[in-house]
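Engineer: Sharing a structure here in structure tokens format.
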Amino acid sequence: MNQQTAQTIWQSTLVALHGKVQRPSFDTWLRDTTGLSVDDSTLYVGAPNAFAVEWLEKRIYGVIEETVEASTGKALEIRFQVAQNGPLAIAFQSPAQVSPTHAVASSLLPTHDGVGLNPRFNFENFVVGKSNELAQAAARAVAREPGRTFNPLVIYSGVGLGKTHLVHAIGHVATACGMNVLYGTAERFTNEFIQSIQRGQTEDFRQKYRQVDVLLIDDIQFIAGKGQSQEAFFHTFNELHTANRQIVLTSDRPPKALTLMDDRLRSRFEGGLLVDIKTPELETRMAILNSKLEALGTYMPPDVLEFIARRVYKNVRELEGSLNRVLAYADLMSRPITAEMASQVLADILLETRRHAVPTEQVMTTVAAFYNIDLETLTGRRRDKHTAMARQVAMYLLKEASQRSFSEIGRLLGGRDHTTVIHGCSKVVQGMEGDSQLRADILAIQERLQQ
Ligand code: ADP
Ligand code: MG
1 MNQQTAQTIW QSTLVALHGK VQRPSFDTWL RDTTGLSVDD STLYVGAPNA
51 FAVEWLEKRI YGVIEETVEA STGKALEIRF QVAQNGPLAI AFQSPAQVSP
101 THAVASSLLP THDGVGLNPR FNFENFVVGK SNELAQAAAR AVAREPGRTF
151 NPLVIYSGVG LGKTHLVHAI GHVATACGMN VLYGTAERFT NEFIQSIQRG
201 QTEDFRQKYR QVDVLLIDDI QFIAGKGQSQ EAFFHTFNEL HTANRQIVLT
251 SDRPPKALTL MDDRLRSRFE GGLLVDIKTP ELETRMAILN SKLEALGTYM
301 PPDVLEFIAR RVYKNVRELE GSLNRVLAYA DLMSRPITAE MASQVLADIL
351 LETRRHAVPT EQVMTTVAAF YNIDLETLTG RRRDKHTAMA RQVAMYLLKE
401 ASQRSFSEIG RLLGGRDHTT VIHGCSKVVQ GMEGDSQLRA DILAIQERLQ
451 Q
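Position 206 of the sequence shown, counted from 1, bears residue number 206 in this note's numbering, the numbering being contiguous throughout.
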């Protein structure tokens, strides 16, 4: 049996599990799982991280097994494995929106009923801050009056900053207003187009797009340099645009930087409204974490929340990932959530990607040498600005580079209290946001440590 079958089985299992598993658990552990493949005896299911795999195996294996058996009529073994970035097309739909038999939604099906749109991505739970307010306002305007204000709307940013979220949000509003909405990635567009050629159905392909009131195409950069697909998209674009149908596109870079994109297309994009999303500031990151916690119905002490938010993140996805890991860990180990624990859990993750952990003495001597002080000064009592800075950097790097607890680091640095170390680490994390010199220094030290 193929992947499609696995997706169908798992999708209907999810629909059934939705009623059996408590909502926060469902949202945390099940929502982002996908059916990977299935053979005669085993159904393989992808989960976003190792915690999810562990939780699913330990906590609800029995229920899942029963549910799969009930829907397939077969006793299958379920194997969970880490599989990141499952395709959006099979993002979970709430039972009201999807019947098990049609559970696997092609993301390029018309979405009168919201199929193909992730219910989690809506305007209500999109946290607005300086970094994204323009994009959000433009998205709302377009959702309110499709085809009338900004056409096309092009939202661009680095990964994980909320483009897809906003595009789905537009889709929900337009769908609710009875519009014919089509959502898909540019990759899907390309695949469908190629298929339509192979099957001699290019006219069907064309017709499908002509009926659309709102066309949402995610990650348009994908078609850059793909001659025929660009051509097809150019025609689709023109037909819809001329008919005042709304087009919304996202891109991982500004249209100007889409160097392989056909000039005609690029100038079409630039004729609309271009808005970017930047990396969220600390305040917005805190607000995002808070809103995720609320959605999960979970609590976390404010200092831990701040600790997570203060780490330097490139994007919201990583931020969410950290939050989930901390929650997962606390749940699995039945441990209270503290800043210390959070830092351990998150440091482990950093370590996983690092080949060698650097010995603590080496971190300390390297930092001391970099700041031109000796080791005794670093671990001693002097409190002048320069020494204090070096010491805080040492705390930070010790934390990043080893699995040591705050208390152990305090001990290594001349018998300091763990709260001093927590303070030191967050000073550095905080400092790195605005202080490019500090960032450069830390990078330089890290480079020396890697050698
Ligand atoms: P992109 O498409 O830009 O790569 P996504 O839209 O997939 O990013 O966002 C990544 C994750 O971050 C999603 O889970 C999304 O809900 C979340 N996210 C991004 N920005 C926000 C925000 N402002 N408020 C709430 N969640 C957000
Ligand atoms: Mg995206």
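Just so it is clear, CB atoms sit at the ideal spot from N, CA and C, and this is done for glycine as well.
Would you give the residue range spanned by the alpha helix (DSSP H) that G424 belongs to?
Structural biologist: H418 to G434 is the extent of the alpha helix (DSSP H) around G424.
Engineer: What is the residue span of the alpha helix (DSSP H) that T377 lies within?
Structural biologist: Residues L375 to T379.
Engineer: When DSSP labels each residue in this structure, what does V214 get in the three-state scheme?
Structural biologist: Strand at V214.
Engineer: Would you tell me roughly how many angstroms separate the C-alpha atoms of S99 and E320, rounded to the nearest one?
Structural biologist: With a pLDDT of only 30 at S99, under 50, the local geometry of the prediction cannot be trusted, and the value read off the model is given with reservation. Each residue's alpha carbon lies about 30 Å from the other.
Engineer: Using 8 Å as the threshold, is the C-beta distance between S267 and L258 below it?
Structural biologist: Not a contact, by the Cβ cut-off of 8 Å.
Engineer: From which residue to which residue does the alpha helix (DSSP H) around T338 run?
Structural biologist: Element bounds for T338: n/a, residue is neither H nor E.
Engineer: Looking at L161 and the ligand ADP, is the gap between the Cβ and the nearest heavy atom below 7 Å?
Structural biologist: It does: the Cβ of L161 is within 7 Å (strictly closer) of some heavy atom of the ligand ADP.
Engineer: Say yes only if the C-beta of V275 is nearer than 7 Å to one or more non-hydrogen atoms of the ligand ADP, and no if none qualify.
Structural biologist: Not so, every heavy atom of the ligand ADP lies at least 7 Å from the Cβ.
Engineer: At which residues does the beta strand (DSSP E) containing A75 begin and terminate?
Structural biologist: Premise fails: A75 is in no beta strand (DSSP E) and is neither H nor E.
Engineer: Less than 8 Å between C-beta atoms, sequence neighbours within five positions excluded: which residues of the same chain meet that for Q136?
Structural biologist: So the list reads F123, F126, V128 and L166, once near-sequence residues are dropped.
Engineer: For I288, verify whether its CB is less than 7 Å away from any heavy atom of the ligand ADP.
Structural biologist: Checking every heavy atom of the ligand ADP against the Cβ of I288, one is found closer than 7 Å.
Engineer: With H, G and I counted as helix, E and B as strand and the rest as coil, what does DSSP make of S157?
Structural biologist: It is coil, neither helix nor strand.
Engineer: Determine, using beta carbons only, whether L378 and M364 come nearer to each other than 8 Å.
Structural biologist: Cβ atoms of L378 and M364: closer than 8 Å.
Engineer: For Y487, which residues in the same chain have their Cβ closer than 6 Å to its Cβ, ignoring the five residues on either side in sequence?
Structural biologist: The structure shown has nothing for residue 487, since the chain only spans 1 to 451.
Engineer: Leaving out five residues on either side along the sequence, give the residues of the same chain with a beta carbon under 7 Å from the beta carbon of S291.
Structural biologist: N125 and V127, listed in sequence order.
Engineer: Any contact between the region 154 to 173 and the region 276 to 283? By contact I mean 3 or more CB pairs, one from each, below 8 Å.
Structural biologist: Touching, yes.
Engineer: Take F26 as the anchor and find which of S343, N324, S71 and L215 has the nearest alpha-carbon.
Structural biologist: Residue N324 is the option with its Cα nearest to F26.
Engineer: Any idea if T34 is buried or exposed, counting beta-carbon neighbours within 10 angstroms, 16 or more meaning buried?
Structural biologist: Burial call: buried.
Engineer: What residue range is occupied by the uninterrupted beta strand (DSSP E) comprising D274?
Structural biologist: In the sequence under discussion, the amino acid at residue 274 is Leu, which differs from the Asp named in the question. It spans L273 to D276 - the beta strand (DSSP E) in which L274 sits, taken as one unbroken run.
Engineer: What residue range does the beta strand (DSSP E) around T298 cover?
Structural biologist: T298 -> no beta strand (DSSP E), and no H or E assigned at all.
Engineer: Between which two residues does the alpha helix (DSSP H) holding I247 run?
Structural biologist: I247 -> not in any alpha helix (DSSP H); beta strand (DSSP E) instead, spanning Q246 to S251.
Engineer: Three or more C-beta pairs closer than 8 Å, one from the region 166 to 186 and one from the region 326 to 346: is that the case here?
Structural biologist: Verdict: no, contact absent.
Engineer: Can at least three beta-carbon pairs, one atom from the region 7 to 26 and one from the region 50 to 68, be found at a separation below 8 Å?
Structural biologist: Contact holds: three or more Cβ-Cβ distances are below 8 Å.
Engineer: Taking DSSP as the reference, what is the three-state secondary structure of Q201?
Structural biologist: Q201 falls in the coil class under three-state DSSP.
Engineer: Would you check whether the ligand ADP has a heavy atom nearer than 7 Å to the C-beta of T164?
Structural biologist: Yes - the ligand ADP has a heavy atom lying nearer than 7 Å to the Cβ of T164.
Engineer: T185 and D219 - do their beta-carbons sit closer together than 8 Å?
Structural biologist: Contact: yes.
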